[in-house]
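Enquirer:
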Amino acid sequence: MDAAKTPGIFVHQYTGLPQGAAFERWRERAFGPCGLDIGPSHGESIDCRLQISVVDNIALAIPEGASAQYSRTQSHLADGSDDLVLIAGRAGLVRVGQNGHTVELAPAQMVLVDMSVTGTVGHTDDDRFTTIRMPRRALLDINPRAEDKLSRVLSDGAVAETIFRYHALAANHAPHLDAVGQRLTAQHMVDLVGLLLGTDAEHASLARGRGHAAARLDLMRADAMAALGRN
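Adding 785 to a residue's 1-based position in the sequence shown gives its number in the working numbering.
1) Taking only the alpha-carbon atoms, compute the straight-line gap between G801 and A863 and give it to the nearest angstrom.
2) Exposed or buried, what is T887 when buried is set at 16 or more other beta-carbons lying within 10 Å of its beta-carbon?
3) Output needed for F816: all residues of its chain with C-beta closer than 7 angstroms, excluding positions within five of it in sequence on either side, in chain order.
4) Label Q859 either buried or exposed according to how many other C-beta atoms from any shown protein chain fall within 10 Å of its C-beta, with 16 as the threshold for buried.
5) Skipping 5 residues on each side, what residues in its chain have a beta carbon closer than 8 angstroms to that of S830?
6) Just to confirm my understanding: we take R834, look at its own chain, exclude 5 residues before and 5 after, and list those with CB closer than 6 angstroms. What are they?
7) In terms of residue numbering, what span does the beta strand (DSSP E) encompassing R880 cover?
8) So who's on the other strand from Q798, going by DSSP bridges?
9) Of all the options R918, V978 and R937, which has the alpha carbon lying nearest to the alpha carbon of V840?
10) Quick check on DSSP: helix, strand or coil for S971?
11) If you measure between the beta carbons of A923 and N842, is that distance less than 8 angstroms?
12) Would you list the residues sitting across from F949 in a DSSP beta bridge?
13) Going by beta-carbon coordinates alone, are Q894 and V944 separated by less than 8 angstroms?
14) When burial is assigned at 16 or more other CB atoms within 10 Å of the CB, is H973 buried or exposed?
15) Measuring straight from C-alpha to C-alpha, what distance separates F949 and F808?
16) Would S866 and S901 qualify as a contact pair, given that the criterion is a beta-carbon distance under 8 angstroms?
17) What are the residues that DSSP puts in a beta bridge with A873?
18) Fully enclosed by the region 840-864, which beta strand (DSSP E) runs are 3 residues long or longer?
19) Among C819, T915, A806 and L982, which one has its Cα closest to the Cα of R930?
20) Are the CB atoms of V906 and S936 within a distance shorter than 8 angstroms?
21) Excluding the 5 residues preceding and the 5 following R968 in the sequence, name in chain order all residues of the same chain whose CB lies nearer than 7 angstroms to its CB.
22) Do the CB positions of T916 and L871 come within less than 8 angstroms of each other?
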């Protein structure tokens, strides 16, 4: 695991066969804390670069590379995590497995998955995705019926596009913010996921009351640039 200069941004990179002492050490360092395993998505070798940005209580991931599949197996469930993860298709066709059920994501389509059951997702150079991992309670607070949408393909053009733009901005700039800025950024991201899932009028009003998405993007960009200027 190589930590970037910015605290909260980590990069895990590996190319080669999934075997040997060096691979085992890298895998444990990179994926042990996440409760995941990694293998090739095709062929025999792994080729991946995974950026993880930790922002308050959420984690934003940007996986890249020609061959990697991330798995949550039965043995991983012993860690007790019940976080929820939004997987967003970015290019090609992304296959997501969850508890024996498989969905395929085209670009701009998303699916909510559950860390308390087994699952897999992989990427190649042509088939790419990003993820948002968040506490279950945080999402249920804004959308009490979020669990009803688990493993369903989601597509809401306006909200999905905002999530894509906000994810890229937050992953690269939010770790530069102070604790308050990170907390607000994480809450805004969870709010957007709640809106994507179709929350009720009361909770939608609460989410929108915390600020319109476009305004949040501009404010966060300004805050991040100011923070960078101070460093």
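No residue lacks a Cβ here, since even glycine has one placed at the ideal position from N, Cα and C.
Expert: From the atom records:
1) Distance between the alpha carbons of G801 and A863: 29 angstroms.
2) T887 comes out exposed.
3) For F816, same chain residues with a beta-carbon under 7 angstroms away, outside a window of 5 residues either side, are D822 and I823 in chain order.
4) In the assembly as shown, Q859 is an exposed residue. Its beta-carbon has fewer than 16 other beta-carbons within 10 Å.
5) Cβ within range, chain order: T800, G801, L802, P803 and S852.
6) Closer than 6 angstroms at Cβ, skipping near neighbours: Q798, E849 and G850.
7) Here the beta strand (DSSP E) through R880 covers V879 to Q883.
8) Q798 pairs with R834.
9) When each option's Cα is compared against that of V840, the closest is R918.
10) Inspection of the sequence shows that residue 971 is occupied by Ala rather than by Ser. DSSP places A971 in helix when its eight states are reduced to three.
11) A contact, by the Cβ cut-off of 8 angstroms.
12) None, per the DSSP bridge assignment.
13) Contact flag unset, no.
14) H973 sits buried, since 16 or more C-beta atoms from the chains shown fall within 10 Å of its C-beta.
15) So the two alpha carbons sit approximately 32 angstroms from each other.
16) With respect to S901, S866 sits close: the two C-beta atoms are nearer than 8 angstroms.
17) When DSSP reads this structure, A873 sits in a beta bridge with M895 and T915.
18) List check, beta strand (DSSP E) in window: 843-857.
19) Measuring from the Cα of R930, the nearest candidate turns out to be L982.
20) In this structure, the beta-carbon distance from S936 to V906 does not fall below 8 angstroms.
21) Taken in chain order, the residues that qualify are D841.
22) Cβ distance < 8 angstroms, so T916 and L871 count as in contact.
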